[in-house]
Structures are given as structure tokens and as C-alpha cells.
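I have placed the structure first, in the form of C-alpha cells, so that the comments after it can refer back to it.
Protein chains: 2
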Amino acid sequence: MAVGLKPAESLLPVPGVRLAVLGAELRYRNRPDMVLIALEPDSSVAATFTRNRFAAAPVIVAREHLASTAPRALLINAGQANAGTGEPGIAVARASCKLVGDALGVEAEAVLPFSTGVIGVAPPLDRMAAAIPGLIAALAEDNWLAAGRAIMTTDTVLKGVSRQAVIDGKTITISGITKGAGMIRPNMATMLAYVGTDAALAPAVLESVLVAAVEQSFNCITIDGDTSTNDACVLMATGRAGNTRIEKASGSACQAFQDAVSAVMQELAQAIVRDGEGATKFVAIRVDAGATESDCREVAFTIAHSPLVKTALFASDPNWGRILAAVGRAPIGRLDIDRVAIDVNGVAIVRGGAVAPSYTEEQGKAAMAPEEIEIVVNLGAGVSTATVWTCDFSHEYVTINAEYRT
Amino acid sequence: MAVGLKPAESLLPVPGVRLAVLGAELRYRNRPDMVLIALEPDSSVAATFTRNRFAAAPVIVAREHLASTAPRALLINAGQANAGTGEPGIAVARASCKLVGDALGVEAEAVLPFSTGVIGVAPPLDRMAAAIPGLIAALAEDNWLAAGRAIMTTDTVLKGVSRQAVIDGKTITISGITKGAGMIRPNMATMLAYVGTDAALAPAVLESVLVAAVEQSFNCITIDGDTSTNDACVLMATGRAGNTRIEKASGSACQAFQDAVSAVMQELAQAIVRDGEGATKFVAIRVDAGATESDCREVAFTIAHSPLVKTALFASDPNWGRILAAVGRAPIGRLDIDRVAIDVNGVAIVRGGAVAPSYTEEQGKAAMAPEEIEIVVNLGAGVSTATVWTCDFSHEYVTINAEYRT
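Residue numbers (the working numbering), protein chains in the order written: chain C, 933 to 1338; chain S, 933 to 1338.
Following this line, the structure appears as C-alpha cells:
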């Protein structure tokens, strides 16, 4: 069902980042469900995690470890989210890090754990333990695609992006993989994204680049408004590209790197939406001329979360009254309704807060027909703008999410 | 599809409130689509309206008129919402009030207009004008049921409630009708509620009773989180019951009246949810032990709006991880997740922020099976509580809302 999205077919190796996958039968059978990522010494890692208060055990442990030392390895399992599992879940996450650390000869705190899958269940530690030697033996730089496949739960398409940029006369490589948001299936919960680069940057710069890139990518997408307990986005830099280390979060070298990372993350984030639960449309909602960027975002997300707008998109119904009503209830400080304009795929639908004089139902139908829809709202209140990407709300969404857990 | 809801079969007349219905073929054929309600002189009226900034033309005009003089009549049409219609829509609303006022011998400002139906379209003024003499001729006190039927759009069940109370030794009567929320069908938009009583109260007391009753009834329900452009709830008091006029919003007489009005409005509000779009479950979400009532409400509404929780309810799937994840993302200041407990229909599901040791999947399935579900969340943070009523999210919801406008 993915909208305008083909599976990634090749991803560039990133010098200093080795990956391995293995089928440990944690929950799935006959497919890889564990991933190990190993980083060379002196790599830097920055990460952002879910803001859900019910953070999963691996999120809690990963945050602790990240604050304590420089990561050397990431361990990911698909099948169990290890969220809502209390102390026993924390113990499993810690123990898995210890096992990997011991095997690699690094401290447990240098290992970050990640889980995706059924909430309320921890992965079986014994099977994870049995898989670790095999994972370590299989570590290789050209395993990005395999890792992208192994972290999938009910994603229908393997999602990965590579990009290169020239910084300081050196070609740097960025590769990233991600898996779907929206708690894709009963109890399945997690957006995970891993992006590696061989660029050399100070850790503080890496952190700043990550925050800025996430703000313009993963934080701009929504399937159903449900924030998972396990969301994580990790940016890893090995420094092997040979560029002069970027020490400041400004200047042209940093900007070039920021642009490349932002582009990779934006493409990954959009891929999640295109492969959203039951998606039949890919929808960009741009809100222009707001008093603040925050106002623009609030309006865009209110439209993006409206079940009525989403079902109209599914039906290709030019039901602009629903968009208008969503704008009207967005939680922003001020809205001068007489200045609001709405366009859908270039057709002027609302002008001055009411239906545009030129608008015809035929125009509306034509505008709503394509798989890719752009809704542009102009608030007439300032110069800020924001864009949010989402998908429609189909019968398939209900089927996927109402289907009893197997 | 209405859940545990039978059509109202009789409603008590309220002395001093006369109603009439007529089929003016504004949009529907062969059914009444206009309602006129006339109030005896010296009646008091209080009303609350949508908070959507794109308030419909009749909402804008009704607010103005209400501020200017004591209402003597209400004119309601079903079929066109008269929202997003700009100045021409306002002109239609004003003109319809003038026509009714002239015919009744009162000023136009003593008439309040209300509309429900398709956004972006104003009702045809000529047909409304033609219907007004017939409406006036048909005014009678025993037309509550007919009025309840005439304001329906795609509601499946006629919703009305009557109740009596003894105040000051006198029997007072309260009758109310309502129509469904949730923008029930493509472009259909509006919750409307009209409650009349013959109790005698000062206007300020009536206003205070209305606000308190709405806060505990219509403001506690949600179908899909989409606030319509036309919502209105009107409380009318004719003072014909013979009780000593209640002058203060305190004391036992006021409390007895408040309780009766709140009970009527709560039953009407719950009827809307029971007749919600595609509803197969009626769900009460009670959040206990919050630091503030506002916290409890935020948590309850976050659960109530989660498409994942709603589809799990449709599937009768004890997918408590989704409830937990919704609690975790609720926008409240503080959440001590280790103290969170969740029960569904009396089954302990979450204790101390993790799955309850006693919980079994069989218990969960049994708890989720009935048509009526009570979810109780304990935040372990204080003594406040709040309850929100909602319904599930079914295939039928998507069908209803994706169906092309006829």
C-alpha cells in the first residue's frame, strides 16, 4: 500500500560503522530480528528519544548509557517493545548490554539497547544471549540494507537512504535506515531511525545537527498522533572521512553537513508516512504566513490529525469545510479568519475565510484525485511557515489496527 | 448502530415554550427541516456556542442578538450549516430573524438563528420565508418530539429527555432535545441542544447553571475530536412553574435545579455518543487521583482521541499498551508513571505503571467484550477526577465519512 515508495535497493557503507543481523526467533520466525551496530573508537553518537512518559525500558537504559560514556555498539531487537514491563524489563535491557559489552571488550554503558514490537513484553534474554556471538562474527560495513530489513515489524517497504556531500574537500557519506511509526499493528510500537556518517565533528556539533534535522523531519510527520513508547533516532559519526573536524555549529562546513543530514532524515521520515498504516495518499500540509512557526505547526498538525480530513482525503472528496473547521479549532493564540486562504494542489478553495468565488466542485475533485496531495493554508498573520507530512485514513487502517493480535 | 439507545418516545411539554416544525425542502425532501421555538414574554435564555474560530453565520448572529435583548424565538434549519459563507451567509441569518420577528411582532434581535448541515452553503432565504407563516400557525407546547426529529441530520435515533423536580414545593419540568456531534457525515456539522424549563430563575443564575451543566455533559464527550463550526446549547426558562424566583447561584433550590438540568444534559450528551458515527461501543473514561481536574480531563481526552485505542475498542481487543501509551503522551505537567493504575470494566490491568501481576489475557478479553466499557485510570497524584464519554472507531466510521457527498 506504500504511496510512491520503492524499497531501498542499495545503501552506501559508512567507514567505521559495521552492522550485523541474525534471526534469533525472539518473536518472528525465519527472518532476522536482531541487529548489532558496532562503531570504531572515537566515534560520536547523538540520539533523541520519545517524549512519551511511558518510555520503554531500552529507552531509559539508552539515555543513561549515553550520558555516561561514548557508545561503541547499538543492539536492536524487533518483536518485543519492552515497554510497560517494569523492573524486569529494565533488567533485560541492562543484561543485554552487558553481554554485548563483555563480548566486544567494552563496558556495558558503551552499548545502547533499542526494542520495537509488542508493548508489555520483554525480549527473551536467553535467545538474545545465544545470538550475540553470531552477530559479532557477522559485523561488516556493507550490511545497512540487511539491518534496515531486520528492524521492520509490519512495515511493508524497506526504508533506507544514502547521500554524499563534499566537506572541506573530502567526500563524506551518510547512510540511514528507519522503520515505521504509528504503532503499525496492534501493540506494535516504534519509530526507529539510525543514521551513520564518516564525517568528523565535535560531539556538541553532532548533537546540534541531530536536533535541527529531527525538528525538520521526524518531528514533522504524523500517522495517527499516537506517540510510541520506544521512538528513537540515532546519529553516529565515525570521523573517518578525513575532513577537518567540525568544531562549531555554524559555518559553511557545518551547514553543508546539516543540509545533507536533514535531507536524509526528511526522506526517511517521509518514507514512514508513505508506508503508513493503510495509507493511500501522501499529504503535505504547509501553513504559511503565520505569526510564529509554532502557530503554523499547530494548525498543520490539527489538520493532519483530524479524522474527518483524513477520511475525506481517503475518499478524494474536496471537503474543504473540514479543513476550515480544523483550522478554526487549532490551539493558537489568534486567528483572523477573514484572512485565511486554503489551496489544495494549486486550486484556490478558500479566500478571505470563505469559499473562493472562482471555486468549482470539479476543480476540487481534480485537486483531490492524485496520490500526492499538497494542502497550503495561508494565515495572513505573519511570515512564518511550517510543513507537516501525513497520510489519509482508510478502511485498511481500521482493519490493521482492529485485527486481533496474532 | 446506536449503542444501548432507544428513540425518545415522549417528552413533557414545558409551559411557556411552544414549538413548531415544517418541511421547507431546504435540502431534505419529505421531512420537516425547520423548527421554530417561541417563548412567552419574561422568559430567560442562556446559551453556549462553539469555540471554533470559524463560527457559522447563525452563531455569530445569535451571539449578537443574545447580547442585545431577551430572546423570544429560536429559528433552526437542518440541511445547510451556513458556515464558511462569509457576508452573504450573515445576511441570510439576519434576514431570517427579521422575518420571524416581523411575523411575531418582536424585534429581529429577539430571534436567535441556528443552522446544521453542509458547510459552505447558506439556506435558501426564499424557502425559509415561505415557511414562516406555517411555522407560526403550528406553534404548540406538545411539539418537543417533532422538533427533536426535525433537527436530525444523519442521526439515527431521535434524542430527547424530560425530567421533573420539586423546587420550593412546586413541580418544575425540564425537556431537552439534541442532535449528534462529530460532523456526522461529509460536511454535516453540528451538535445542537435545546433545553426548556418552566422554572423561575434570574438570568444570571440560568447562565451559571448552563455553564456548569455543559461543563459536566457536552464538554465531556467526543466522537472524533473535531469541533464543529455550529455547536450550540441553549437553556430556556419561562418561569411559569410558580416557584419563588431563584435569585442566587447557591442554596438548595438552585442546587436542585442544577442537578436536574445537569442530569438532562448528561443524558442528552451521552445519547450523542451512543449514536456516534459508526459507534459499536459506549465508552466511559474516568481518570481518578489526578493533581487537578484539568490533568484528569487531558488524560481522559488523550485516551478518547487515540485512533489506536478506539480501533482496539472496536475489535474488543484488550490492547492495554495503547491506553498506557496514550496516558504517557497526555499533555500534563507531571506524571509519575510508577503510580499509574488502569482498570477496564473492573479488571486490574496496569499496576505501578506495568502490567498487573494478576492480569491474564482471558480477563482482558472478557473485560473488553461488552457494548459498554468503563476505563478507569488512577494517576496516584492527588484527589481530582474527571470522566469523558466516547465511542469506538469502526469501519462504519470510515464508510460514513469517506462516502461521497450526495
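Here a beta-carbon is modelled for each residue, glycine too, at the ideal position from N, C-alpha and C.
Since this is a predicted model, take the numbers as computed values, not measurements.
Inset, instruction - Please name the residues in the segment 973 to 988 of chain S whose beta-carbon is closer than 9 Å to at least one beta-carbon of chain C, in chain order. - result: Among the residues of the segment 973 to 988 of chain S, those with a Cβ less than 9 Å away from any Cβ of chain C are 982, 983, 984, 985, 986, 987, in the order of the chain.
Inset, instruction - Specify the secondary structure class of residue 1120(S) as computed by DSSP and reduced to three states. - result: Position 188 of the second sequence, counted from the first residue, corresponds to residue 1120(S). Any reading at residue 1120(S) must be qualified, since the residue scores a pLDDT of 46, below 50, and its modelled position is unreliable; the value itself is stated next. Of the three classes helix, strand and coil, the one that applies to residue 1120(S) here is strand, per DSSP.
Inset, instruction - Tell me whether the beta-carbon of residue 911(C) lies closer than 8 Å to the beta-carbon of residue 977(C). - result: This structure cannot settle anything about residue 911(C), because the visible part of chain C is limited to 933 through 1338.
Inset, instruction - Step through the CB atoms of chain S and report whether any lies within less than 8 Å of the CB of residue 997(C). - result: If you number the first sequence from 1, residue 997(C) lands on position 65. Using a CB distance cut-off of 8 Å, residue 997(C) does not count as an interface residue toward chain S.
Legend entry - For residue 1135(C) and residue 1318(S), the rounded distance between their alpha carbons: In the second sequence, the residue the question calls residue 1318(S) occupies position 386. In the first sequence, the residue the question calls residue 1135(C) occupies position 203. Each residue's alpha carbon lies about 46 Å from the other.
Legend entry - residue 1292(C) to residue 1321(C) span [Cα, whole Å]: Taking the first residue of the first sequence as position 1, residue 1292(C) is located at position 360. Taking the first residue of the first sequence as position 1, residue 1321(C) is located at position 389. Roughly 26 Å separates the two Cα atoms.
Legend entry - Counterpart residues of residue 1072(S) in DSSP-defined beta bridges: Here residue 1072(S) corresponds to residue number 140 of the second sequence, with the count starting at 1. Residue 1072(S) pairs with 951(S).
Legend entry - Residues from the segment 1245 to 1257 of chain S in contact with chain C, defined by Cβ distance under 8 Å: Going along the segment 1245 to 1257 of chain S in chain order, one finds 1246, 1247, 1249, 1251, 1252, 1253, 1254, 1256, 1257 with a Cβ nearer than 8 Å to chain C.
Legend entry - Buried or exposed (CB count within 10 angstroms, at least 16 for buried), residue 1041(C): Taking the first residue of the first sequence as 1, we reach residue 1041(C) at position 109. Buried, since its Cβ has 16 or more Cβ neighbours within 10 Å.
Legend entry - Counterpart residues of residue 1153(C) in DSSP-defined beta bridges: Residue mapping note: residue 1153(C) aligns to position 221 of the first sequence, counting from 1. For residue 1153(C), which the question treats as bridged, DSSP gives the partners 1321(C).
Legend entry - Inter-stretch contact (C-beta, 8 Å, three-pair minimum) for the segment 1062 to 1076 of chain S and the segment 1015 to 1027 of chain S: Touching, no.
Legend entry - Contact under 8 Å by Cβ, residue 1153(S) with residue 1204(S): The residue given as residue 1153(S) occupies position 221 in the second sequence. The residue given as residue 1204(S) occupies position 272 in the second sequence. Yes, the Cβ-Cβ distance between residue 1153(S) and residue 1204(S) is below 8 Å.
Inset, instruction - Counting only the same chain and skipping the five closest in sequence on each side, list residues whose C-beta sits under 7 Å from that of residue 1157(C). - result: In the first sequence, residue 1157(C) corresponds to position 225, counting from 1. Taken in chain order, the residues that qualify are 1237.
Inset, instruction - Taking residue 971(S) as the reference, give the member of 964(S), 1032(S), 1275(S), 1124(S) with the closest Cα. - result: The sequence position of residue 971(S) within the second sequence is 39, counting from 1. Comparing C-alpha distances from residue 971(S) to each of 964(S), 1032(S), 1275(S), 1124(S) shows the shortest one belongs to 1032(S).
Inset, instruction - Please state whether DSSP places residue 1305(C) in a helix, a strand or coil. - result: Here residue 1305(C) refers to the residue found at position 373 of the first sequence. Under the three-state reduction of DSSP output, residue 1305(C) falls in the strand class.
Legend entry - Opening and closing residue of the alpha helix (DSSP H) in which residue 1048(C) lies: By 1-based counting over the first sequence, the position of residue 1048(C) is 116. Where residue 1048(C) is concerned, there is no enclosing alpha helix (DSSP H), although the beta strand (DSSP E) around it starts and stops at 1043 to 1050.
Legend entry - Nearest candidate by alpha-carbon position, reference residue 1053(C), set 1081(C), 1082(C), 1020(C), 1076(C): Numbered from its first residue, the first sequence carries residue 1053(C) at position 121. Out of 1081(C), 1082(C), 1020(C), 1076(C), 1020(C) has the C-alpha closest to the C-alpha of residue 1053(C).
Legend entry - Proximal residues to residue 1100(S) (C-beta, below 6 Å), its chain only, five neighbours per side dropped: Residue mapping note: residue 1100(S) aligns to position 168 of the second sequence, counting from 1. Taking residue 1100(S) as the centre and dropping the five residues before and after it, the same chain places the C-beta of 1175, 1176, 1185 closer than 6 Å to its C-beta, in chain order.
Inset, instruction - Say whether chain S places a C-beta atom closer than 8 Å to the C-beta of residue 1119(C). - result: By 1-based counting over the first sequence, the position of residue 1119(C) is 187. Because the pLDDT at residue 1119(C) is just 43, under 50, the model does not fix this residue reliably, and the value given afterwards should be weighed accordingly. For residue 1119(C), the answer is yes, since a Cβ of chain S falls inside 8 Å of its Cβ.
Inset, instruction - Quick one: using the 10 Å Cβ neighbour count with 16 as the cut-off for buried, is residue 1304(S) buried or exposed? - result: For the purposes of this step, residue 1304(S) is taken as the residue at position 372 of the second sequence. With fewer than 16 Cβ atoms within 10 Å of its Cβ, residue 1304(S) is classed as exposed.
Legend entry - alpha helix (DSSP H) segments (min. 4 residues) lying fully within the segment 1177 to 1248 of chain C: Listed in chain order, the complete alpha helix (DSSP H) runs (minimum 4 residues) inside the segment 1177 to 1248 of chain C are 1183 to 1206, 1225 to 1237, 1239 to 1246.
Legend entry - Chain-ordered chain C contacts of residue 1267(S) [CB-CB under 8 Å]: Locating residue 1267(S) in the second sequence gives position 335, where the first residue counts as 1. Going along chain C in sequence order, the residues near residue 1267(S) (Cβ under 8 Å) are 985.
Inset, instruction - Identify the contact partners of residue 1161(C) in chain S, using a Cβ-Cβ distance below 7 Å as the criterion. - result: Within the first sequence, residue 1161(C) is the residue found at index 229, counting from 1. Scanning chain S for C-beta atoms nearer than 7 Å to the C-beta of residue 1161(C) yields 1257, 1260, reported in chain order.
Inset, instruction - Could you tell me whether the segment 1266 to 1286 of chain S touches the segment 1179 to 1193 of chain S, where touching means 3 or more Cβ pairs closer than 8 Å? - result: Contact fails: fewer than three Cβ-Cβ distances are below 8 Å.
Legend entry - Helix, strand or coil at residue 1329(S) [DSSP, three-state]: In the second sequence, residue 1329(S) corresponds to position 397, counting from 1. Reduced to three states, the DSSP call for residue 1329(S) is helix.
Inset, instruction - Could you please give the first and the last residue of the uninterrupted alpha helix (DSSP H) stretch that includes residue 1141(C)? - result: In the first sequence, the residue the question calls residue 1141(C) occupies position 209. Start and end: 1135 to 1147.
Legend entry - Spatial distance of residue 1224(S) from residue 1272(S) (CA atoms): The residue given as residue 1224(S) occupies position 292 in the second sequence. The residue given as residue 1272(S) occupies position 340 in the second sequence. Those two C-alpha atoms are separated by around 15 Å.
Legend entry - Collapsed DSSP secondary structure at residue 1061(C) in the structure displayed: The residue labelled residue 1061(C) in the question sits at position 129 within the first sequence. It is helical.
Legend entry - Pairwise C-alpha distance: residue 1076(S) and residue 1091(S): Along the second sequence, read from residue 1 onward, the residue named residue 1091(S) stands at position 159. Along the second sequence, read from residue 1 onward, the residue named residue 1076(S) stands at position 144. CA-to-CA, the gap between residue 1091(S) and residue 1076(S) works out to about 10 Å.
Inset, instruction - Closer than 6 Å by C-beta to residue 986(S): which residues in its own chain qualify, once you throw out the five before and the five after it? Chain order, please. - result: Translated into positions along the second sequence, residue 986(S) becomes position 54. Setting aside the 5 residues that flank it on each side, residue 986(S) is surrounded in the same chain by 1161, each with a C-beta closer than 6 Å to its C-beta; the list follows chain order.
Inset, instruction - Leaving out five residues on either side along the sequence, give the residues of the same chain with a beta carbon under 6 Å from the beta carbon of residue 1111(S). - result: Taking the second sequence and counting its residues from 1, the one referred to as residue 1111(S) is at position 179. Closer than 6 Å at Cβ, skipping near neighbours: 1083, 1084, 1087, 1124.
Inset, instruction - Apply the 10 Å Cβ neighbour rule to residue 1265(S) and answer buried if 16 or more other Cβ atoms are within range, or exposed otherwise. - result: For the purposes of this step, residue 1265(S) is identified with residue 333 of the second sequence, where counting begins at 1. With fewer than 16 other Cβ atoms within 10 Å, it is exposed.
Inset, instruction - Counting only the same chain and skipping the five closest in sequence on each side, list residues whose C-beta sits under 6 Å from that of residue 1311(C). - result: For the purposes of this step, residue 1311(C) is taken as residue 379 along the first sequence, with counting starting at 1. Only residues of its own chain outside the window of five on either side were considered, and among them 1221, 1222 have a CB closer than 6 Å to the CB of residue 1311(C), listed in chain order.
Legend entry - Cα-Cα separation between residue 1127(S) and residue 960(C), rounded to whole angstroms: If you number the second sequence from 1, residue 1127(S) lands on position 195. If you number the first sequence from 1, residue 960(C) lands on position 28. Rounded to whole angstroms, residue 1127(S) to residue 960(C) spans 57 Å at the Cα level.
Inset, instruction - Would you mind sorting residue 962(C) into buried or exposed? The rule is 16 or more other CB atoms within 10 Å of its CB. - result: Taking the first residue of the first sequence as 1, we reach residue 962(C) at position 30. Within a 10 Å sphere around the beta-carbon of residue 962(C) sit fewer than 16 other beta-carbons, which makes this residue exposed.
Inset, instruction - Tell me whether the beta-carbon of residue 1218(S) lies closer than 8 Å to the beta-carbon of residue 935(S). - result: Taking the second sequence and counting its residues from 1, the one referred to as residue 1218(S) is at position 286. Taking the second sequence and counting its residues from 1, the one referred to as residue 935(S) is at position 3. Cβ atoms of residue 1218(S) and residue 935(S): not closer than 8 Å.
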